[in-house]
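Number of protein chains: 4
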Amino acid sequence: MKAVVYHGPRDVRVEDVPDPKIEKPTDAIVRITSTNICGSDLHMYEGRTDFEPGRVFGHENVGEVVEVGNAVEKVKVGDMISAPFNVSCGHCSNCERGLTNYCERANSPGIAGAAYGFADMGPWQGGQAEYLRVPWADFDALRLPEDARERQNDYVMLSDIFPTGWHATEMAGLSPGETCVIYGGGPVGLMAALSATLKSASQVFVVDRHPDRLKLAEEIGAIPIDRSQGDPVQQVKDRTNGIGADCGCECVGYQAHDQEGNEDNSATLNALVQSVKFTGRIGTVGVFIPQDPGAPNDLAKQGKAAFDVGWHWFKGQSMGHGQCPVKRYNRYLRSLIHEGKCKPSWIVSHELPLEQAAEGYKNFDARERGWTKVVLKPQMKAA
Amino acid sequence: MKAVVYHGPRDVRVEDVPDPKIEKPTDAIVRITSTNICGSDLHMYEGRTDFEPGRVFGHENVGEVVEVGNAVEKVKVGDMISAPFNVSCGHCSNCERGLTNYCERANSPGIAGAAYGFADMGPWQGGQAEYLRVPWADFDALRLPEDARERQNDYVMLSDIFPTGWHATEMAGLSPGETCVIYGGGPVGLMAALSATLKSASQVFVVDRHPDRLKLAEEIGAIPIDRSQGDPVQQVKDRTNGIGADCGCECVGYQAHDQEGNEDNSATLNALVQSVKFTGRIGTVGVFIPQDPGAPNDLAKQGKAAFDVGWHWFKGQSMGHGQCPVKRYNRYLRSLIHEGKCKPSWIVSHELPLEQAAEGYKNFDARERGWTKVVLKPQMKAA
Amino acid sequence: MKAVVYHGPRDVRVEDVPDPKIEKPTDAIVRITSTNICGSDLHMYEGRTDFEPGRVFGHENVGEVVEVGNAVEKVKVGDMISAPFNVSCGHCSNCERGLTNYCERANSPGIAGAAYGFADMGPWQGGQAEYLRVPWADFDALRLPEDARERQNDYVMLSDIFPTGWHATEMAGLSPGETCVIYGGGPVGLMAALSATLKSASQVFVVDRHPDRLKLAEEIGAIPIDRSQGDPVQQVKDRTNGIGADCGCECVGYQAHDQEGNEDNSATLNALVQSVKFTGRIGTVGVFIPQDPGAPNDLAKQGKAAFDVGWHWFKGQSMGHGQCPVKRYNRYLRSLIHEGKCKPSWIVSHELPLEQAAEGYKNFDARERGWTKVVLKPQMKAA
Amino acid sequence: MKAVVYHGPRDVRVEDVPDPKIEKPTDAIVRITSTNICGSDLHMYEGRTDFEPGRVFGHENVGEVVEVGNAVEKVKVGDMISAPFNVSCGHCSNCERGLTNYCERANSPGIAGAAYGFADMGPWQGGQAEYLRVPWADFDALRLPEDARERQNDYVMLSDIFPTGWHATEMAGLSPGETCVIYGGGPVGLMAALSATLKSASQVFVVDRHPDRLKLAEEIGAIPIDRSQGDPVQQVKDRTNGIGADCGCECVGYQAHDQEGNEDNSATLNALVQSVKFTGRIGTVGVFIPQDPGAPNDLAKQGKAAFDVGWHWFKGQSMGHGQCPVKRYNRYLRSLIHEGKCKPSWIVSHELPLEQAAEGYKNFDARERGWTKVVLKPQMKAA
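Protein chains in written order, with the UniProt record's numbering: chain V, 1 to 383; chain X, 1 to 383; chain A, 1 to 383; chain U, 1 to 383.
Here it is as structure tokens:
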């Protein structure tokens with residue numbers, strides 16, 4: 001089958017690889033119909049984190065089941081399914097409490113958490129391909145309603161970024177009527193904004209410097225904070241009686257930049273500490289990593305940041321970190337899509353056939369204006 | 001009246017100061033019967049944080065009401081009461097949600113949170129004195145049962161360290177049957193250990209290097225981890241199948257030291273990130289401060305720490321910070337004391353008359369062996 | 001001043017009564033600008049519950065502060081405020097935990113919970129009058145933004161029915177993406193529907209038989225279930241794959257009727273048990289009372305109902321009951337109104353000058369078509 | 001193999017039945033080493049609920065894995081395991097949220113929840129036998145530490161009554177320092193008392209009339225309330241300043257009796273409404289059933305009860321109902337047993353070989369003094 005194969009920094013190619021097979025009785029094989037390029041793919045694409053050449057990318061996948069193992073009893077051939085990016089066994093001590101983001105069995109011993117096509121997240125092949133093997137299929141696959149065939153660009157968001165944005169607002173403890181500031185207006189930040197809106201935040205601020213992203217935020221009723229126009233902390237305070245927002249979301253990660261444009265992995269964290277009020281809560285879904293050899297300073301190389309713990313503590317704030325447990329939310333977000341309560345596809349700028357994946361990666365990575373989200377379509381003919 | 005007055009680094013004197021008066025109709029005046037020296041008093045005593053010479057220390061107070069303002073309707077003259085260290089108005093947006101630790105009215109505008117006799121925590125006189133003015137008395141004072149007169153060393157812990165230790169375990173999300181590691185075996189750490197025991201943790205680890213503290217931990221069923229015997233992270237992992245504890249408490253604060261004995265404000269935070277498992281939660285009640293001019297390095301001088309956000313994020317952990325909302329817990333802990341379910345006085349090493357306060361400060365600050373907790377007794381005659 | 005005085009069943013008159021005065025230093029006096037007739041006023045109006053002749057109705061009040069006691073420090077003369085229907089002291093063990101609906105000091109000893117102008121809810125005069133005394137004003141009064149003068153019909157809902165409807169969905173444990181069925185499309189039921197919509201329920205069902213109410217439900221995106229067209233349980237199951245709704249709200253109370261139109265205090269409770277799925281949650285804000293001498297059968301006269309505990313238990317459901325703690329929600333709902341996220345005034349059918357209160361009571365009690373909610377305006381001139 | 005077979009009311013016999021076999025790749029076969037007689041077995045034993053003659057009893061099981069299907073990857077042959085009484089698939093919408101008590105796949109369509117050897121709870125054979133088939137073994141079986149072989153009478157409580165008692169206190173929302181009243185001092189009520197003690201309730205009241213049960217309650221520090229000595233409601237109020245307990249647990253079920261000794265399915269529910277304070281919470285784990293043809297009155301025959309909803313609502317209480325999700329708790333309670341924090345075996349009065357099951361049933365059903373809990377031992381030789 002065709003798949004998007006990594007060959008080294010900024011070099012991905014669509015090539016023939018072996019078809020996936022049923023390896024265990026709990027597996028399913030899925031024909032991919034839509035698969036997104038994710039911002040976290042870019043860390044690997046840029047060579048900033050270790051991804052082995054020859055591996056296949058892709059953890060935002062939707063498709064149709066074409067084969068199941070003999071222990072699979074719920075998912076059927078012909079079902080349209082969403083595959084959460086987290087690979088999870090369903091019966092370890094974390095999975096049984098809903099912490100499928102930190103499954104104890106799907107990665108190496110001692111490392112919790114796994115994903116398709118991801119550095120350090122286990123051996124699982126990615127889904128930017130014609131077919132994908134989904135392990136523990138009854139637990140991992142979410143069946144979709146019939147309209148999934150027509151509204152794929154909405155449902156494809158269920159495997160990662162819509163739940164991930166939602167999770168940011170959950171870790172931030174956002175309640176209806178509160179205000180929320182979101183650093184980062186990329187796809188995840190925009191999904192956090194959509195989530196905050198669905199939760200009836202009274203005001204949702206999205207901080208970014210790219211006009212196309214700020215415009216998308218505004219389209220769903222969020223308040224754009226253009227950091228190219230001045231210190232975002234002050235802009236947020238100006239709109240919240242000087243108090244700061246009730247809570248905040250970090251949707252940028254370790255490659256954050258300070259106001260002067262220098263990479264600084266503490267920039268958004270510390271800006272959030274200042275932007276969020278006393279007693280405020282912060283949810284961090286932007287990726288931070290234990291080692292970062294390509295970082296601009298020694299602290300960051302060790303995965304550490306010059307974090308403003310003094311103010312954070314003095315203000316009595318709390319922070320939650322890490323990957324999203326997609327299964328905790330995807331069933332409910334599926335219902336919101338199905339009942340027409342939201343359209344997360346509003347951020348999609350490009351649909352490309354799988355063959356044009358390299359073009360998608362290149363433009364998305366360069367943050368070319370208007371390339372806000374790319375969906376690859378393995379069954380689409382190349383132009 | 002007599003009171004413990006600060007005169008500069010390591011210089012406290014018992015002197016005559018004016019008696020407190022009813023200033024507002026919601027005030028009460030309390031005759032102090034027991035008042036502790038707290039570890040956080042030592043930051044000021046050492047001159048590390050700014051405490052204005054001439055001010056009176058003391059935020060762990062118990063006593064008898066001797067006068068009330070004309071708007072006080074619940075608390076009566078003659079009541080024994082516990083005064084939470086947090087001064088709080090009861091009707092701001094934080095107080096009404098139980099966030100009395102970050103009252104918006106009891107400190108300067110823009111700063112939430114206040115306390116008796118504390119640097120940067122509002123103008124309130126401390127209670128290491130014969131009398132104390134308690135504002136918003138109906139809201140702030142907790143009435144005590146009759147046995148409070150006999151069991152003062154238990155009930156005096158209700159104003160700060162017992163609830164503060166409890167709060168550490170709350171922010172750490174400790175559930176019955178889980179394991180908990182506590183960094184710091186001082187009074188607050190020991191109260192966190194007592195709290196974890198009362199909550200039926202399956203194992204409670206207390207990390208310290210002082211034998212008297214480790215012995216007190218062991219007396220209530222906790223497992224002492226002597227860091228002078230080697231890396232505490234490894235010791236905790238060795239006792240938890242290599243996984244780490246389910247949750248952890250930081251009870252040391254910004255003057256933490258690394259294994260080599262050098263001051264390092266990131267030492268316990270980063271050790272906790274390593275000591276606590278994937279998905280683990282951490283509660284930080286040890287004090288961190290926004291500026292620390294006396295710190296050993298530039299980062300710390302700005303209140304920042306070289307925090308291991310890479311591992312913290314990768315492990316999907318969360319952390320809560322800040323002062324304890326004493327009122328959230330003190331009513332319940334009062335019942336546990338009254339019904340004989342716990343005796344937090346087990347850590348008290350010394351009862352001193354107020355006149356000997358300077359001796360108490362000196363020895364407690366020096367961590368003299370056996371000086372684990374000092375209670376001052378304004379009505380006791382000096383020896 | 002003028003006030004709406006109860007004289008016996010179905011007899012209310014606007015009469016002169018003494019002006020309220022500052023009685024305690026924590027009081028405020030408020031000039032009422034809008035005050036609603038509530039469905040729960042009708043229980044008293046009909047003589048079904050004991051309301052002493054001579055007392056003044058009115059617990060849904062908004063107005064401007066005209067005088068404050070000398071212990072009031074937050075609320076100022078000139079502030080527009082919303083007075084929650086619950087009278088609450090702010091410092092008893094319930095109030096301090098946010099259970100202002102069951103204040104231990106504002107009613108008789110042994111009875112928790114109080115309200116303005118209400119049978120069995122303490123001595124407090126109602127606000128269907130020109131002026132109202134608000135006790136514990138700093139705690140009880142919620143200050144409103146300036147637009148409150150123009151948008152009174154929205155903000156007046158904050159004192160009771162909007163938070164009460166919200167509370168129903170809270171007790172029902174409604175999460176985004178879930179389905180919710182609401183029995184009763186009166187003002188409270190409609191506010192529950194608005195709340196469920198704001199919380200992003202995937203489907204909200206409102207069960208009633210009055211077309212005007214069902215139409216209002218539909219206007220905010222809820223799904224009307226017309227029980228005059230057949231068994232509502234079956235209608236709900238038909239729209240939820242036979243499973244039932246995830247959760248439900250009881251917004252009718254003890255004067256419920258069965259499908260045949262006979263009064264039966266178990267009717268809606270048991271219909272909810274059937275309409276809600278296994279593991280479903282139910283919030284009951286419709287009023288039930290300990291004694292009901294006017295009830296049609298002996299069980300109901302004792303305040304008991306033939307409750308289907310067998311199915312309720314077998315299905316593993318839970319239920320929360322009782323009055324709403326308005327303060328838990330009103331600050332947040334105020335923000336939603338202020339930011340234009342909702343307009344709870346959409347149910348208002350009639351604005352009447354205070355003098356026409358009797359007409360308002362008569363028509364609202366008779367459920368005259370189109371009389372969905374009546375707001376009295378003490379400053380409006382009679383037509 | 002030998003098994004305890006039901007032949008009709010009060011007629012159980014130990015007989016040869018076919019050995020269980022691996023039927024699906026996710027199954028395991030367990031050699032039973034300890035299996036309890038449960039109070040809920042008695043409903044079937046007495047013929048009060050429908051249990052088909054020929055079926056095998058037993059849902060409180062512990063044993064050793066002797067065979068696994070080819071999709072079982074976590075549980076190994078030789079593991080000692082506890083099998084929760086709930087049979088659950090692990091991947092339906094309820095199981096994935098931890099609601100394994102209401103699995104949607106393990107019973108008939110439309111009925112959620114299943115158990116071994118139980119009327120109306122699916123087709124699953126019971127474990128009062130030499131062997132048991134455990135479906136979905138990786139999800140359903142909890143592996144036990146090595147000391148489980150020696151301390152079986154502790155660990156056997158993990159399959160039902162210890163978690164069930166714990167669940168009662170969870171649904172009752174018991175927090176440390178609160179008071180809790182438990183109606184019913186049978187095995188489940190005693191486990192609720194043990195749970196409340198482990199959660200540091202300040203006072204735990206156990207209401208019963210059997211001296212042996214009251215004595216067991218007292219042994220763990222609970223306060224026995226002997227209802228043969230007078231109205232238990234009054235006794236509880238006398239010990240709680242007239243206010244009532246903070247929360248309560250119903251551990252009796254539909255065969256409750258009133259003070260006069262007449263069966264009345266509303267007796268304990270209504271006594272709890274009175275025994276628990278305003279705002280109190282109640283957890284009901286005693287079994288109630290949708291139809292009860294053997295009940296003493298028409299209401300009860302329909303599964304309904306004359307419930308005091310008037311007081312329940314007026315007091316603002318809440319109630320949770322239904323079976324326990326054992327998996328939510330068993331891992332944590334296992335740790336408490338393993339670390340020596342509790343010994344739930346303290347209630348065991350009799351160990352019998354499987355062959356003497358009939359004697360166990362007869363005496364336990366008759367509430368013979370001293371027959372508080374019976375553990376059957378399939379590997380024990382008959383006396």
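No residue lacks a Cβ here, since even glycine has one placed at the ideal position from N, Cα and C.
{"Asked": "Reference Q317/V, options G242/V, I29/V, G173/V, closest by Cα", "Found": "G173/V"}
{"Asked": "Inter-residue spacing [alpha-carbon to alpha-carbon] between I220/V and T197/A", "Found": "17 Å"}
{"Asked": "Enclosing beta strand (DSSP E) for V287/U [first to last residue]", "Found": "Per DSSP, V287/U belongs to no beta strand (DSSP E) and is neither H nor E."}
{"Asked": "Cβ of E96/X within 8 Å of any chain U Cβ", "Found": "no"}
{"Asked": "L376/V versus P25/V, T35/V, R55/V, E96/V, residue with shortest Cα-Cα distance", "Found": "T35/V"}
{"Asked": "Alpha-carbon spacing of R151/V relative to I337/V, whole angstroms", "Found": "9 Å"}
{"Asked": "As assigned by DSSP and simplified to three states, the class of P84/V", "Found": "coil"}
{"Asked": "Residues near P224/V by beta carbon distance below 7 Å, same chain, minus five either side", "Found": "V206, L214, A217, E218"}
{"Asked": "DSSP beta-bridge partners of E132/U", "Found": "Reading off the sequence shown, one finds Leu at residue 132/U, where the question assumed Glu. For L132/U, which the question treats as bridged, DSSP gives the partners V30/U."}
{"Asked": "Length-filtered (3 minimum) beta strand (DSSP E) runs lying within the region 317 to 378 of chain V", "Found": "318 to 321, 350 to 353, 374 to 377"}
{"Asked": "Reference Y155/V, options H43/V, E60/V, G370/V, closest by Cα", "Found": "E60/V"}
{"Asked": "Listed by chain order, chain A residues near H321/U by CB distance under 7 Å", "Found": "H312, W313, G316, Q317, S318"}
{"Asked": "Cβ-based contacts, 9 Å cut-off: residues of the region 161 to 179 of chain U near chain A", "Found": "M171"}
{"Asked": "Nonlocal neighbours in the same chain, by C-beta distance under 7 Å from A267/V, ignoring five residues either side", "Found": "A256, H257, D258"}
{"Asked": "Cβ-based burial, K21/A [other Cβ within 10 Å; buried from 16]", "Found": "exposed"}
{"Asked": "Beta-ladder partner(s) of R143/A, from DSSP", "Found": "I81/A"}
{"Asked": "Range of the contiguous beta strand (DSSP E) that encloses V12/X", "Found": "11 to 16"}
{"Asked": "P25/U: contacting residues in chain V (beta-carbon distance under 9 Å)", "Found": "P25, T26, G69, N70, A71"}
{"Asked": "Cross-strand partners of R281/A (DSSP beta bridge)", "Found": "C247/A, S318/A"}
{"Asked": "Bridge partners - Q203/V, DSSP secondary structure assignment", "Found": "T179/V"}
{"Asked": "Bounding residues of the beta strand (DSSP E) (the contiguous stretch that carries I161/A)", "Found": "That residue, I161/A, is in no beta strand (DSSP E); its alpha helix (DSSP H) goes 161 to 171."}
{"Asked": "Coarse secondary structure for H257/V, derived from DSSP in three states", "Found": "strand"}
{"Asked": "Distance between G185/V and A112/U (C-alpha atoms, nearest Å)", "Found": "43 Å"}
{"Asked": "Chain X contact residues for S202/U, given Cβ-Cβ distances below 8 Å", "Found": "Y332, S335, L336, H338, E339, K341"}
{"Asked": "For V75/A and A137/A, believed in contact at Cβ under 8 Å, the rounded distance", "Found": "5 Å"}
{"Asked": "Contact under 8 Å by Cβ, S82/X with V68/X", "Found": "no"}
{"Asked": "Simplified DSSP state of A106/V, which is helix, strand or coil", "Found": "coil"}
{"Asked": "Local conformation of Y116/U per DSSP, three classes", "Found": "coil"}
{"Asked": "Runs of alpha helix (DSSP H) lying entirely within the region 23 to 71 of chain A, each at least 4 residues, in chain order", "Found": "39 to 45"}
{"Asked": "Helix, strand or coil at K74/A [DSSP, three-state]", "Found": "coil"}
{"Asked": "Where A137/V sits in the DSSP three-state scheme", "Found": "helix"}
{"Asked": "Under 8 Å from the C-beta of K199/X: neighbouring residues of chain U", "Found": "P176, K199, S200"}
{"Asked": "Chain B within 8 Å of S93/U, Cβ atoms only", "Found": "Among the chains of the structure shown, chain B does not appear; the protein chains present are V, X, A and U."}
{"Asked": "Environment of S275/A [buried if 16+ CB atoms lie within 10 Å]", "Found": "buried"}
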